[in-house]
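Quick notes on the structure that follows.
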Amino acid sequence: MGGCSRNESDRAFNCPHHIQAGCTGMEDSNSLIQIRKGKIKEIREMNIDPFPYRYDVTDHSRAIIDGYDSYFESQKTVSVAGRIMAMRVMGKASFCTIQDRDGRIQLYVAENAVGQEKYALFKKLDLGDIIGTKGTVKKSKTGEITVFVSEMDLLTKNIRPLPVVKEKDGETFDLFSDKELRYRNRHVDLIVTPGVKETFIKRIKIIKSIKEILNGKDFLEVETPVLQPVYGGAAAQPFTSHHNALDITLYLRISLEPYLKRLIVGGLDRVYEIGKCFRNEGLDRTHNPEFTMLELYQAYGDYNDMMAITEEIFEKTALAVNGTTKAVFDGKEIDLKTPWKRIKVADALKEYAGLDVMNMSDQDLDAAVDRAGGAIKGGFNRGLAIDKLFELLVEEKLVQPTFVTHQPVETTPLCKPDRDDDRFLQRFELFICGTEFANAYSESNDPEFQRKTLFEQSLRREVDDEAPPMDENFVQAIEVGMPPTGGLGIGIDRMVMLLTGESSIRDVLLFPTMRPE
RNA sequence: GAGUCGGUAGCUCAGUCGGUAGAGCAACGGCCUUUUAAGCCGUGGGUCCUGGGUUCGACCCCCAGCCGACUCACCA
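Take the position in the first sequence, starting the count at 1, then add 1404; the result is the number in the working numbering.
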């Protein structure tokens, strides 16, 4: 590559100006890209447009391979198009493998079939070029299903070489394995890394399945603001932006809750949104600064209804995309078959940590938190201590799907206390493999209680930078009267991880957040 | 934020005791009408992450930094 470093060529790629002006620097003159640009010129000199406008595609690789017998018997002319992934070029007859929407198929290109001129063009082509071909389907001498090409056209010339990944009997060679490069160049990753496209198609199917389930229950899919003057609905630091014309600060939402509840007040009764939320926190295997949440709200329902919907969403979606309720996550075999275990936080602490928190003094709780290596923001608080103990001692032990209910009231201001014991909430969190997948409430709708708890939360901002500010307009909405409502949030990215077996959130996000190069 | 590992050709990697680098594929040239991880033969290709230091001499040893992966911590 003649001293043309990766940075140099990336610059050429990223800057259209640079490309138009041509890379005239000495260091670029021998690069692979320069050689391919030269080929474009040669192809144009053959009076062939290296970037034609359209192509009629009639067939795709998988259908041809799956339906080989009928394609072979009919000898119908197929028209396939795709990217060249492998070439075995010989004097007057060659093989190449193209990759289309569905997979790969081998082509046989012979000079006496396509003509001298097109064969000369074919010999100039590179891995990564996109071609369209017409031909008939037969097996080659070694038995591979092959399109015997009678017409071939270049559809798009590649000038930036792709990593060459090879595969034989399921074994891969020279995998494009640098994760950073894969995430930064997902377009390349999608082309060359086996399974990546399938993972993201599965993600799309998961979301489609969820929407079908909810639409079937008369839930309305709505869109609410991403840019908000006051954020809330969760405990997290927001991203901050600024609107120039209004000269105001706007925050990127940290949850969908406040606006969806306004819609319940407004009488839409069953609403949901699947959308991006943004939290200004660290990145790791299960956290990306922007992530996708499902939140739904059902008027006249409560957290029991939410448990039923949660079970249905997970079980039916697993069956829809995987054909089974079994999944392997984090190396553990999970079964999403319903019904799932239900347990109160206090009972879970007793069962999994041997702590009888209901009968422990404040001092004992505080000491237990200390012993578990935890700390409570803003000093000791009985409810937060119990919550912290659960987080530190129990969460990781909940492997099979488990609804954990009756969190302490101090953990959220937006949920109704339990009728029988107002120290705990009508709330559940769903844990699978020690990770939280869903969170649901019997939503708070007592306006005086709501005003009080949100105000108290806003006061915590002095000790907890994740406590959101008071949202007066939201409280006024609750004052208008929100019917009894069940609310549910599901982390879509984590659900996709579970159902695809991916262990990093970055592998289920097409474009995970990266530090700029 | 801490620890571990890593950064060498377009890609995947090797590099011995410190003597300024190799392989496969890709690329380029030649041969070739049934190849298939790569048909055969040949050729070119390097800011060894960056900056210091030690040394006659550093991909290699030392220091600092940058970037990444993984693990842990943090994370309603």
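All C-beta atoms in this analysis are idealised placements derived from N, C-alpha and C, irrespective of residue type, glycine included.
- In this chain, the beta strand (DSSP E) harbouring isoleucine 1502 covers 1497-1503.
- Under the DSSP assignment, aspartate 1673 falls outside any alpha helix (DSSP H); it carries neither an H nor an E label.
- Taking methionine 1762 as the centre and dropping the five residues before and after it, the same chain places the C-beta of Ala1750 closer than 6 Å to its C-beta, in chain order.
- Sequence-distant partners of glutamine 1503 (beyond 5 residues in either direction) whose C-beta falls short of 6 Å from its own C-beta, in its chain, are Gly1486, Arg1487 and Met1489.
- Contact check for phenylalanine 1832 against threonine 1809 passes: the beta carbons are separated by less than 8 Å.
- Within the model, the alpha-carbon separation for serine 1465 versus valine 1493 is close to 21 Å.
- Fewer than three Cβ pairs drawn from the region 1686-1703 and the region 1792-1807 lie within less than 8 Å of each other, which leaves the two stretches out of contact.
- Going by DSSP, lysine 1820 is part of no beta strand (DSSP E) at all; its letter is neither H nor E.
- Distance from the CA of proline 1567 to the CA of valine 1596, rounded to the nearest whole angstrom, comes to 7 Å.
- With a minimum length of 3 residues, the unbroken runs of beta strand (DSSP E) contained wholly in the region 1593-1674 fall at 1644-1647 and 1652-1656.
- Between the region 1475-1482 and the region 1577-1590 there are fewer than three inter-stretch CB-CB distances shorter than 8 Å, so the stretches are not counted as touching.
- Beta-bridge pairing by DSSP links leucine 1834 to Phe1807 and Ala1842.
- Between isoleucine 1608 and lysine 1445, the alpha-carbon positions lie close to 40 Å from each other.
- Per the coordinates, the alpha-carbon of valine 1592 lies some 10 Å from the alpha-carbon of valine 1600.
- Nearest Cα to tyrosine 1512 within the set Gly1532, Arg1505 and Thr1546: Thr1546.
- Assigned with DSSP and collapsed to three states, valine 1900 falls in helix.
- Judged by DSSP secondary structure, serine 1465 falls within the alpha helix (DSSP H) whose first and last residues are 1465-1470.
- The residue among Phe1577, Ala1842, Tyr1676 and Ile1437 with its C-alpha nearest the C-alpha of aspartate 1897 is Ala1842.
- Here tyrosine 1457 is exposed. Its C-beta has fewer than 16 other C-beta atoms within 10 Å.
- Judged by DSSP in its simplified three-state form, phenylalanine 1682 adopts strand.
- By the 16-neighbour rule on beta-carbons within 10 angstroms, glutamine 1438 is buried.
- Partner residues in the beta bridge of arginine 1508, as assigned by DSSP, are Gln1503.
- With a cutoff of 8 Å on beta-carbon distance, arginine 1864 and glycine 1782 are scored as near each other.
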